[in-house]
Amino acid sequence: MSQPRIVIVGAGPAGVRAAERLVDHGFRPILLDEAPRVGGRIYQQAPEAAGFRRSAKALYGFEAGKAERLFATHERIRESIEHRAGALVFDVADDRLIALIEGKRHEIGFDRLILAPGAMDRVMPLPGWTLPGVFTLGAAQIALKHQGCAIGHHVAFLGAGPLLYLTAYQYAKAGVTVAAVVSSASLYSLAGNLLGLAAQPATAAKGMAYLAKLRSWGIPVIGAARPSRLLGRDTVEALEVLVDGRIRTTPCDAVALGYGLNSETQLAELCGARFAYDRDQQQWIPEIDAYGRSVGREGLYLAGDGAGIGGADAAELRGVLAAEAVLQDLDLPRRDDNADSALRQLTRWRQFRGALDRAFPFPRQLAKDLPDETILCRCENVTTGEVRSAADRGLREINRVKAATRLGMGRCQGRICGPAGAEVLAARLGVSVDSVGRLRAQPPIKPVPIAALAGAHE
Amino acid sequence: MSGSRHADVIVIGGGIIGCSTALHLAKMHRSVILLERDQAGVRASGVNFGGVRQHGRALAEIPLSMRARRIWADLANLIGTDGEFMVTGHLRLARKESDIAVLQSHFKAVSECGLGLEFLDRSDIDRRFPWLGPDIIAATHCPTDGQANPRLVSPAFGMAARRAGATLVEGAEVIRAVEDGGVFTVSTRDGLTYEAPNLVNAAGAWADTVADWFGERVTLKPEVPQVMVTEPAPYRYGPVLGVVGGDLYFRQIPRGNVIFGGGEGRTEPGHNRSRPLPEIASRTAAEACRIVPGIRNLNVIRTWTGVDGDTPDGSPVVGPSTTTPGLFHGFGFCGHGFQLGPGVGAVLADLIVDGKSDTDIHGLGVARFVGGGQGTAMTVAEEAHRTAPAVNDAGSD
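Here the protein sequences come in this chain order: P and C. When the letters of the first sequence are read in order and numbered with the numbering used here, they come out as residues 1 to 458. When the letters of the second sequence are read in order and numbered with the numbering used here, they come out as residues 1001 to 1397.
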């Protein structure tokens, strides 16, 4: 009997750990990732050919050990897997992934599919956010880790969540002037969730350490701020927020912003996964069992931040569990029993994560108060007012609003504007955000040139 | 909904056919209740390619198509938006010698209709549309055709019908309709019933079920046209393109996106959902590159599908029932009903209010599928198929 074809999409912590476990049980999985090297976003590496080298310690801070262990694992198994780097999976048929690899269309058949595509920044627009010089936190990190450059000389950080402090810390360590770190979340909400955060004391402590470092370097760290606008003529020149009702202006030449992460779920949706709204995470995520088996699509397994945000450590555990589920479903005798331990550890991570989500909520009240003229969808130049007027005309579902206004119709397929768009619509209608639905995924999930799509038919 | 469940006319289906019928009836002071399972204008009517062409249709459809075209010309006055309707012309392209014969035969057949078709050989193409690929050897051009945005136009017909006084009930799935003593009783899944002396079957891909309730068995095959769109690029390609055979259609809008399609996606049982197929996207992309080589490097950003119903002869069913007085059909548009929609509504309203219409639809009756009555007429379309294969280009517009 030939081996079942097991394909893993995403070579971050989840994907690499899943591959490792499958290799240890005698399989030769196919590992696909858009990036040239493994690590995902969290442990993103510079291209091999790039002339710059920074140490893992400099790039990944406290997490350097984990990053190096992950790379070492990949080194160990690299001859036993089929790693296709630079592979953009953009569509899925019944049992085939359609991918762009080096500009060419490829079809990759599978019997079992582990999706670990990670996450992307969650954005809340504010006036001026489309000015040049404004990036997401994730983009600011990619610039640093993958491209060896900073987004500016004098950078302000705005948002909520652990990534805000981590990225600011990484920038400061790299020698960039951090103008300020401004959070919409309050220390009060952090304090209220201390019990949950204590479920992972080491990680909570690291977060506090980043914060303390930033402060010790004399960087203004501001909480409970209300972002009001970004100023500038041709490029961003200042961040303006309200603190205790007073305007506070921070001059800067770049801004990194983000309010937590959104799972990348488009492929799971095209596969037929079922979704549910998660109130803690404030987003729609695929329904899975404890191991990551998809509810709604047999043979599909979800791991890492693509199946709800858990962070890098949880992603490693979830990669192990997804591989474990594949092995179970193939009815194979297994060599060890570390799945149970992974399950137990993951439970603690969930408590921690829930507390983190509650401590750093998506600032939905900002959506309600966004000025009408502020652009909501930057791909298609759709303003907040256009979405509100669609709501006033009786449209109550986000895909109908998309059809009427073009919100989410552009290159990013609503990854950037979708969460805020749903909040604006829900606020205008006076309903909960889950009742306006979610933007449907459509192939290709990322832009693909026509000639490449044509592939062999050309 | 407000109030009464009695009206002069009940319309089943809130696509462009049903909404346009409701609008015309309301403007003729008839009370109308339109029952839509989902939301008005969101199915095939709202997601089709957006071609507004008279060109390349079966002869039986042409009077109806020309009536529709007159309504398109004044769309903003009728529904409150022009729906991005633009007269850009439509080119029907020949890729092989036998295609030229099809073009010539159609050119001759419609010469009396007043469509103003032009026949272009390759040197004309080089002069006027030099961006067309070398595989294109001839074309006919219909200068009065154009394009519009279906996701704006079709819902706008629903809103206009409502403003004109029609009652649109959305989320109302019709599960049964019967006629007794000249009164139609229509039941919805939520347990309500509606009554009227006239019933319009505009239920799209699901209309064969409605026809069947009245003993008219028309077999509809689901058609699932698959369309895609690119990122915006400089505006360069004016006319809408189609090909003999119908396997590719193409347009660019002034904001720059290129919209093109061909082939069919897949529908789930019940046809409530459909999805694009990667293999079809690939084939269509290849064909589009052959026809307009300049688009090769544009990025496709989205693919989608919708579900329409195909009749056995490729033309729709428009007109009165053969079994049940008071019942009127408007369905089976085979993926090319968007342009016809405004005209179908006008004609069905004529028939319901005046008992006759000035627009010739004799080749489109249901009798051609269920026997009896005007049986021979169908045939206009059939004959067209025989003398010139695929004269009515398949595929969405």
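Even glycine gets a Cβ: it sits at the ideal position worked out from N, Cα and C.
Sorted by chain position, which residues of the same chain lie with C-beta nearer than 6 Å to residue i's C-beta, five sequence neighbours on each side aside?
{"i": "ARG17(P)", "result": "GLU316, GLY319 and VAL320"}
{"i": "SER1045(C)", "result": "GLY1015, ILE1016 and SER1154"}
{"i": "ALA426(P)", "result": "VAL433 and VAL436"}
Closer than 7 Å by beta-carbon distance: list the chain C residues that pair up with residue i, in chain order.
{"i": "GLY269(P)", "result": "Looking at the sequence provided, one finds Glu at residue 269(P) rather than Gly. Within chain C, no residue comes near GLU269(P); the closest Cβ sits about 10 Å away, beyond 7 Å."}
{"i": "GLU458(P)", "result": "ALA1286 and CYS1289"}
{"i": "ILE98(P)", "result": "PRO1278"}
{"i": "ALA454(P)", "result": "SER1282, ALA1285, ALA1286 and CYS1289"}
Below 9 Å between beta carbons: does that hold for residue i and residue j?
{"i": "ALA1058(C)", "j": "GLY1363(C)", "result": "yes"}
{"i": "ALA168(P)", "j": "LEU214(P)", "result": "yes"}
{"i": "ARG388(P)", "j": "VAL424(P)", "result": "yes"}
{"i": "ASN1272(C)", "j": "ILE1012(C)", "result": "no"}
{"i": "LEU267(P)", "j": "LEU115(P)", "result": "yes"}
{"i": "GLU1173(C)", "j": "ILE1137(C)", "result": "no"}
{"i": "HIS106(P)", "j": "PRO251(P)", "result": "no"}
{"i": "THR1219(C)", "j": "ALA1156(C)", "result": "no"}
{"i": "GLY1056(C)", "j": "VAL1244(C)", "result": "yes"}
{"i": "GLY1133(C)", "j": "GLU1036(C)", "result": "no"}
{"i": "LEU1241(C)", "j": "THR1284(C)", "result": "no"}
{"i": "GLN407(P)", "j": "HIS25(P)", "result": "The residue you asked about is not Gln; residue 407(P) is Leu in the sequence shown. Taking 9 Å as the Cβ cut-off, LEU407(P) and HIS25(P) do not qualify as a contacting pair."}
{"i": "TYR259(P)", "j": "PHE362(P)", "result": "yes"}
{"i": "GLN1226(C)", "j": "TRP1131(C)", "result": "no"}
For residue i, which residues in chain P fall below 7 Å Cβ to Cβ?
{"i": "TRP1304(C)", "result": "GLN442"}
{"i": "PRO1234(C)", "result": "Here the premise fails: no neighbours, minimum Cβ distance about 16 Å."}
{"i": "GLN1039(C)", "result": "ARG400"}
{"i": "ARG1283(C)", "result": "HIS457"}
{"i": "PRO1320(C)", "result": "Within chain P, no residue comes near PRO1320(C); the closest Cβ sits about 34 Å away, beyond 7 Å."}
{"i": "GLY1051(C)", "result": "Simply none; closest approach about 18 Å."}
For a contact defined as C-beta to C-beta under 8 Å, what are the partners of residue i on chain P?
{"i": "GLU1231(C)", "result": "GLY410, ARG411 and PRO447"}
{"i": "LEU1298(C)", "result": "PRO449 and ILE450"}
{"i": "LEU1277(C)", "result": "ALA93"}
{"i": "ARG1151(C)", "result": "ALA403 and ALA404"}
{"i": "ILE1295(C)", "result": "ILE450"}
Thinking C-alpha only, which one of the options is nearest residue i?
{"i": "PRO371(P)", "options": "GLU269(P), ARG353(P), PRO127(P) and CYS271(P)", "result": "PRO127(P)"}
{"i": "GLY430(P)", "options": "GLU269(P), ASP392(P), HIS153(P) and VAL241(P)", "result": "ASP392(P)"}
{"i": "PHE1049(C)", "options": "ARG1283(C), MET1159(C) and ASP1308(C)", "result": "ASP1308(C)"}
{"i": "ALA1161(C)", "options": "GLY1341(C), PHE1328(C) and HIS1024(C)", "result": "HIS1024(C)"}
{"i": "LEU242(P)", "options": "CYS412(P), LEU366(P) and VAL295(P)", "result": "LEU366(P)"}
{"i": "GLY39(P)", "options": "PHE52(P), LEU22(P), ARG5(P) and GLY86(P)", "result": "GLY86(P)"}
{"i": "PHE1107(C)", "options": "ILE1137(C), THR1081(C), LEU1351(C) and HIS1141(C)", "result": "HIS1141(C)"}
{"i": "GLY1337(C)", "options": "THR1209(C), ALA1205(C), ASP1190(C) and ARG1236(C)", "result": "ALA1205(C)"}
{"i": "TRP349(P)", "options": "GLU63(P), ASP313(P) and PHE362(P)", "result": "ASP313(P)"}
{"i": "ASN1149(C)", "options": "LEU1192(C), ARG1251(C) and ASP1038(C)", "result": "ARG1251(C)"}
{"i": "ALA1177(C)", "options": "ILE1253(C), ARG1275(C), THR1323(C) and LEU1199(C)", "result": "LEU1199(C)"}
According to DSSP, is residue i helix, strand or coil?
{"i": "HIS106(P)", "result": "strand"}
{"i": "ALA19(P)", "result": "helix"}
{"i": "VAL387(P)", "result": "helix"}
{"i": "HIS1029(C)", "result": "coil"}
{"i": "ARG248(P)", "result": "strand"}
{"i": "ARG1368(C)", "result": "helix"}
{"i": "LEU1199(C)", "result": "strand"}
{"i": "SER294(P)", "result": "strand"}
{"i": "VAL1042(C)", "result": "coil"}
{"i": "VAL1318(C)", "result": "strand"}
{"i": "ILE77(P)", "result": "helix"}
{"i": "PHE1107(C)", "result": "helix"}
{"i": "HIS1329(C)", "result": "strand"}
Residues in the same chain with beta-carbon distance under 8 Å from residue i, minus the five sequence neighbours each way, listed in chain order, please.
{"i": "ALA1026(C)", "result": "VAL1032, ALA1161, ALA1164, GLY1165 and ALA1166"}
{"i": "GLU324(P)", "result": "ARG21, TYR291, ARG334, ALA339 and ALA342"}
{"i": "ASP1354(C)", "result": "none"}
For residue i, which residues of its own chain have a beta-carbon under 7 Å away from its beta-carbon, when the five flanking residues on both sides are left out?
{"i": "VAL448(P)", "result": "PHE90 and LEU100"}
{"i": "VAL1318(C)", "result": "LEU1064, HIS1329, GLY1330, VAL1344, VAL1347, ILE1361 and LEU1364"}
{"i": "ILE1301(C)", "result": "VAL1229, THR1230 and GLU1231"}
{"i": "PHE27(P)", "result": "GLN3 and ILE6"}
{"i": "ALA19(P)", "result": "ILE8, PRO29, LEU31, ILE77 and ILE81"}
How about residue i: is its Cβ closer than 8 Å to a heavy atom in the ligand COA?
{"i": "GLY232(P)", "result": "Only the bare structure without any ligand can be found here, which leaves the ligand COA out of the picture."}
Check the Cβ of residue i against every Cβ in chain P and list those closer than 9 Å, keeping chain order.
{"i": "VAL1042(C)", "result": "ASN399, ARG400 and ALA403"}
{"i": "GLY1046(C)", "result": "ALA403"}
So with CB distances below 8 Å, who are the chain C contacts of residue i?
{"i": "ARG105(P)", "result": "SER1282"}
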